[in-house]
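These notes are about the structure you will find just below.
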DNA sequence: GCCAACGTTGGC
DNA sequence: GCCAACGTTGGC
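Numbering (full-length UniProt numbering), first residue to last: 1 to 141.
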């Protein structure tokens, strides 16, 4: 069981949008190899924080992996006819009663080294168990 | 295989 | 809107 953090721009796809649809959805359109590799490493039942980038800049909820990495339906095949971009499918688990902002994370010594902070451009990154538990607690769970 | 130029992400 | 950080591309 591993923990992750996945970013989405709320203008495009917010946590509430995902909850409202209520069905598993592809985490598509990731076009970065590191982020893709992280998704390929995900196992069924792994959980991830849902982070709102640009607008909000906070962790707002938890989602879980319900389908292993598979070809991204929005990706075009390359010149060899291969689709190199993959994604997992996710479902919402629960909303954080109190969103945890990036500002708070940066101010919390135990969280200041998170991939979210250190690799700010990475849209799908790992979260350690200690980080996970602390953020859940800070989020009111 | 190196590296400069360019593009993109995302915080500020 | 700017810029830092990083990824990608392409010339050599």
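Note that the Cβ used here is the ideal one computed from N, Cα and C, for glycine as well.
These numbers come from a predicted model, not from an experiment.
- Message: With distance defined between alpha-carbon atoms, name the residue in 20, 3, 76 and 10 nearest to residue 41.
- Response: Of the candidates 20, 3, 76 and 10, 3 places its Cα closest to the Cα of residue 41.
- Taking the continuous beta strand (DSSP E) assigned at residue 105, which residues delimit it? Run containing residue 105: none in the beta strand (DSSP E); it sits in the alpha helix (DSSP H), 102-107.
- Among 89, 90, 72 and 91, the one whose alpha carbon lies nearest that of residue 82: Ranking 89, 90, 72 and 91 by CA distance to the CA of residue 82 puts 72 first.
- Message: Distance check for residue 29 and residue 130, CA to CA, integer angstroms please.
- Response: Roughly 29 Å between the two C-alpha positions.
- Could you check the C-alpha separation between residue 134 and residue 15 for me, to the nearest Å? The straight-line gap from Cα to Cα measures roughly 21 Å.
- How long is the line joining the alpha carbons of residue 112 and residue 78, rounded to whole angstroms? For residue 112 and residue 78, the distance between alpha carbons rounds to 38 Å.
- Message: Does residue 135 come out as helix, strand or coil in the three-state DSSP assignment?
- Response: DSSP, reduced to helix, strand and coil, places residue 135 within a helical segment of the structure shown.
- Item | Three or more C-beta pairs below 8 Å linking the stretch 87-101 and the stretch 17-26 | Touching, yes.
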